[in-house]
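Taking my numbering, the leading residue of the sequence shown gets 5, the next gets one more, and so forth.
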Amino acid sequence: KKAVGVQDQLPNVIVSELFGTLLLGESALEYLRDARERLACPNARIIPPRGTQYAAIVECADVHAITSAANYRGISLRHINLLQDTS
Numbered sequence: 005k006k007a008v009g010v011q012d013q014l015p016n017v018i019v020s021e022l023f024g025t026l027l028l029g030e031s032a033l034e035y036l037r038d039a040r041e042r043l044a045c046p047n048a049r050i051i052p053p054r055g056t057q058y059a060a061i062v063e064c065a066d067v068h069a070i071t072s073a074a075n076y077r078g079i080s081l082r083h084i085n086l087l088q089d090t091s
């Protein structure tokens, strides 16, 4: 459904900064798709037009210690670590 009152003057450029620490986090693709469909002309350019995500494999005992579950009051929580999106 198009935005009310702007059908005759839809912009041809969408400028966004929706990126957090992960390129596709914060629902960036969904927000941009919605903005293009409802708020801009069909061939609107999106700025920035693309992004690059870099990654490096690291092993750090200190980071592991603060980002993983171990025990709570004698209950083992180590299986919860399987649900992490990073390890």
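Think of the CB as a built atom: it goes at the ideal place given N, C-alpha and C, for glycine as much as any other residue.
Within its own chain, the residues whose Cβ lies closer than 8 Å to the Cβ of LEU26, once the five positions on either side in sequence are excluded, are GLN57, listed in chain order. Looking at the DSSP output, TYR76 bridges to ILE79. Between the stretch 78–90 and the stretch 39–51 there are fewer than three C-beta pairs closer than 8 Å, too few to call the two in contact. Here VAL67 carries a helix assignment [DSSP, helix/strand/coil]. Where ARG49 is concerned, the enclosing beta strand (DSSP E) starts and stops at 49–51.
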